[in-house]
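Beneath this line is the structure, given in structure tokens, with notes to follow.
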Amino acid sequence: MRAIPRAPGRLPLLGHVVPLLRRPLDFMQSLRSTGDLVRVDVGTLPIYFVTSADLTHELLVTKARNVDKGRFFVRARVLVGDSLPTAPSHIHRPHRRLMQPAFHRERIAEYARVMADRATAMAEGWSARQTIAVDEELAEFSVGTLAETMFSTDISRPAAVAVRRDVPILLKTALLRAVTPRLLDRLPIPANRKFDAAATRLRKVIDDVVAASREHEDPEANDLLSMLLAARDSDTGEALSDREVRDELVAIMFAGTETTASTLSWTFHELATHPEVEDRLLAEIESVVGDRPVTFEDVPKLEYMDQVLREVSRMHSVPLLMRRVTTPVELGGAELPVGTEIAFSLYALHRDGRLYEDPERFDPDRWLPERRQGRPREDYIPFGSGNRKCIGDGFAWAEIVITLATVLARWRLEPLPEHSVKEVASAVAHPDRLPMRVMPRTARV
202 MRAIPRAPGR LPLLGHVVPL LRRPLDFMQS LRSTGDLVRV DVGTLPIYFV
252 TSADLTHELL VTKARNVDKG RFFVRARVLV GDSLPTAPSH IHRPHRRLMQ
302 PAFHRERIAE YARVMADRAT AMAEGWSARQ TIAVDEELAE FSVGTLAETM
352 FSTDISRPAA VAVRRDVPIL LKTALLRAVT PRLLDRLPIP ANRKFDAAAT
402 RLRKVIDDVV AASREHEDPE ANDLLSMLLA ARDSDTGEAL SDREVRDELV
452 AIMFAGTETT ASTLSWTFHE LATHPEVEDR LLAEIESVVG DRPVTFEDVP
502 KLEYMDQVLR EVSRMHSVPL LMRRVTTPVE LGGAELPVGT EIAFSLYALH
552 RDGRLYEDPE RFDPDRWLPE RRQGRPREDY IPFGSGNRKC IGDGFAWAEI
602 VITLATVLAR WRLEPLPEHS VKEVASAVAH PDRLPMRVMP RTARV
């Protein structure tokens, strides 16, 4: 068995912490020059980074039974329990089977009406030549939309308010907590007090809503909460407990807000930077949708938009995901024992020059069918792969397409010349700030 090379630049005691904290996106991209499996030391903890598409596929699909979620996800259990993103395999499989109907195409079509109505309300709330914080607007929009699809009944309105108020607070702190020692969580500092208060409020409100909804079940309701309460395992007939429903809802909030808001933010930024792409996209929206509201049926017809969003998702992907070895496994010719921490970066994978020609260039046409022929499926996995692939990918994609088409039918969002956008690594690679000017779609300054 071969030895695993260590990344250059290791410092005594600190390991590779300095470059990992200072410039994480650049550092993770640099690892591919060392090998397809590279040791990175976070303090005294060795983490083995997978840097190639083939080995990532092997980790997530071929050897999926040998690994489970890694330490970052384990820390997240404080908030989301054993929900789909964090659950060990023996819990994940039955829970996913039970929840899958809530994300079937027919259900997403129902949610799409809420998405379109909220996108219209957001766009109509803007005025010509107004400067808006796009990232903040879209974060508020995505949280509110998710809350309305999850909690559609009057009894659930307090939960919708709690989602809008508390999820942004928790998102800002969750990733930092995942990578720092537990001892720091107990320090009586303002950030910890704010986080703990938000987590307590959110769990309490959702616990109350789940209990009340269980007591007054509405067989006609089609919101996500009602479907989770009614779901039964096809093999055992078992339902989710109230706590399990609570944990799944909180997990969906985390997974479904920042990703959607970040993808939409980056799309508006890339369109403003590439006006020829925006003009072509506007022409398609006008041809397919016209003057009517966007519907779920329009989503697959907007083919160029699909190319644009694939390219945005490629260039601005999840920076870091992890797995932990649960049974000894051979990966890339190396034997990894139980307990080994493995990491991979979709951000780095999707910018690999071995997979993509000129990977730093924004080029939606690279997703034309004739240019995609012969390309392995594992080189583009924005929602993950294998048995842990994101259950809500269809929901998220529909929301992004409907929102983008609705806004672009009314406005162009133009960059402020004095502002330079920076990419920040968090749960996703998001813009640090994104102020833009709202212009009528026929205007160009």
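According to my numbering, the sequence shown is numbered sequentially starting from 202.
Idealized CB from N, CA, C, for every residue including glycine.
Bear in mind the structure is a predicted one, so any value in this text is a computation, not a measurement.
Residues I292 of the same chain have their beta carbon placed closer than 6 Å to that of D283, with the five preceding and five following residues left out of the count.
About 4 Å separates the CB atoms of N267 and V530; that is less than 8 Å, so the two are in contact. The three-state reading of DSSP puts W598 in helix, counting H, G and I together. The beta carbon of A320 sits closer than 7 Å to those of I603, T604, T607 and V608, all from its chain and outside the five residues before and after it, given in chain order. The criterion of a C-beta distance shorter than 9 Å is not satisfied by P577 and D227. The beta-bridge partner set that DSSP reports for L425 is empty. Counting only the Cα atoms, L465 lies some 9 Å from V335. Spanning the alpha carbons of T460 and E536 requires a straight line of approximately 34 Å. Secondary structure in the segment 521-582: the beta strand (DSSP E) runs of 3 residues or longer, each lying completely within the stretch, are 522-526, 530-532, 535-537 and 542-545 in chain order. Here D434 carries a coil assignment [DSSP, helix/strand/coil].
Counting C-beta pairs with one atom in each stretch, the segment 425-439 and the segment 293-302 have three or more that are closer than 8 Å, which means they touch. Using a C-beta cut-off of 8 Å, the segment 202-214 makes contact with the segment 235-244, since at least three inter-stretch Cβ pairs fall below that distance. Of the residues L426, W327 and R634, the one whose Cα lies closest to the Cα of R611 is W327. Assigned with DSSP and collapsed to three states, P616 falls in strand.
In the DSSP annotation of this structure, the continuous segment of the alpha helix (DSSP H) that includes H470 starts and ends at D443 to T474.
Per the DSSP secondary-structure output, H631 pairs in a beta bridge with V625. Between V262 and G244, the beta carbon gap of about 31 Å keeps them out of contact (Cβ cut-off 8 Å).
Between R233 and D553, the C-beta gap is smaller than 9 Å, which places the two residues in contact. Put simply, the backbone Cα of R511 is about 36 Å away from that of P359. Judged by their CB atoms, G271 and L522 are nearer to each other than the 9 Å cut-off. The Cβ atoms of H475 and E624 lie no closer than 9 Å to each other. Within the same chain, Y312, V315, D424 and L425 come within 7 Å of T350 by CB-CB distance, once the 5 residues on both sides are set aside. Around the CB of R613, 16 or more other CB atoms lie within 10 Å, so the residue is classed as buried. Taking a 10 Å sphere around the C-beta of S435, we find fewer than 16 other C-beta atoms and assign the residue as exposed. Of the candidates T235, I453, V500 and V509, V509 places its Cα closest to the Cα of L472. DSSP lists V241 and E542 as the beta-bridge partner residues of I248. In this structure, the straight-line span from the alpha carbon of F304 to that of A432 is close to 12 Å.
Looking only at R223, M428 and Q230, the smallest Cα-Cα distance to L547 is reached by Q230. Under the 10 Å beta carbon count, S343 is surrounded by 16 or more other beta carbons and is classified as buried. Per DSSP, R306 has no beta bridge partner at all. With contacts defined by Cβ atoms closer than 9 Å, R524 and Y505 do not form a contacting pair.
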